[in-house]
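> The structure is given below, and queries will be raised subsequently.
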């Protein structure tokens with residue numbers, strides 16, 4: 001949601017404030033794979049329903065109470081098992097990220113929150129329960145500076161990808177950061 005809401009806020013002037021929770025500003029893939037994205041994007045234009053593997057199961061398993069998490073949610077709505085990434089979707093994401101990475105001019109105060117660390121491992125490690133196991137937080141920090149001139153960046157210690165789903169003390173910190181930002185901006 002953070003990528004699309006950033007682009008929306010860039011195109012509208014009637015938004016009072018924007019809160020971004022670990023926004024998807026860049027693909028979290030190695031440089032070699034990133035160099036192949038123009039080809040993947042071109043294939044996605046011709047064959048939008050062609051698929052490739054997406055994320056590992058580690059992040060959703062770190063959330064769900066039947067595995068290693070504390071939350072109960074419907075697997076049909078947020079699949080635990082790896083699900084395919086459509087090349088048409090990857091093309092759309094790549095195009096949107098390119099637009100954002102070239103700079104936006106969001107006029108409203110914007111809070112960009114992210115974890116203090118990322119986990120890029122392929123195997124389960126308990127560190128995924130205290131780090132962003134989906135995105136590279138360095139990408140978020142880098143591109144947040146270019147989306148507007150009223151940006152507040154907040155790093156949340158031991159946050160997971162969706163900061164609000166982090167363990168209680170961490171999510172309490174995230175909520176407190178949101179409240180502080182709302183108060184500071186008179187929203």
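Residue numbers (the working numbering): 1 to 187.
For each residue, glycine too, the CB sits at the ideal point set by N, CA and C.
(1) Please confirm whether residue 11 and residue 147 have their CB atoms less than 8 Å apart.
(2) Taking residue 138 as part of the alpha helix (DSSP H), name the residues at either end of that continuous run.
(3) Quick one: Cα of residue 94 to Cα of residue 23, how far?
(4) Pick out whichever of 116, 132, 107 has its Cα sitting closest to the Cα of residue 151.
(5) According to DSSP, is residue 148 helix, strand or coil?
(6) So, are the CB atoms of residue 58 and residue 159 less than 8 Å apart?
(7) Apply the 10 Å Cβ neighbour rule to residue 65 and answer buried if 16 or more other Cβ atoms are within range, or exposed otherwise.
(8) Which term fits residue 13, buried or exposed, when burial requires 16 or more other beta carbons within 10 angstroms of its beta carbon?
The structure says:
(1) no
(2) 137-144
(3) 14 Å
(4) 107
(5) strand
(6) no
(7) exposed
(8) exposed
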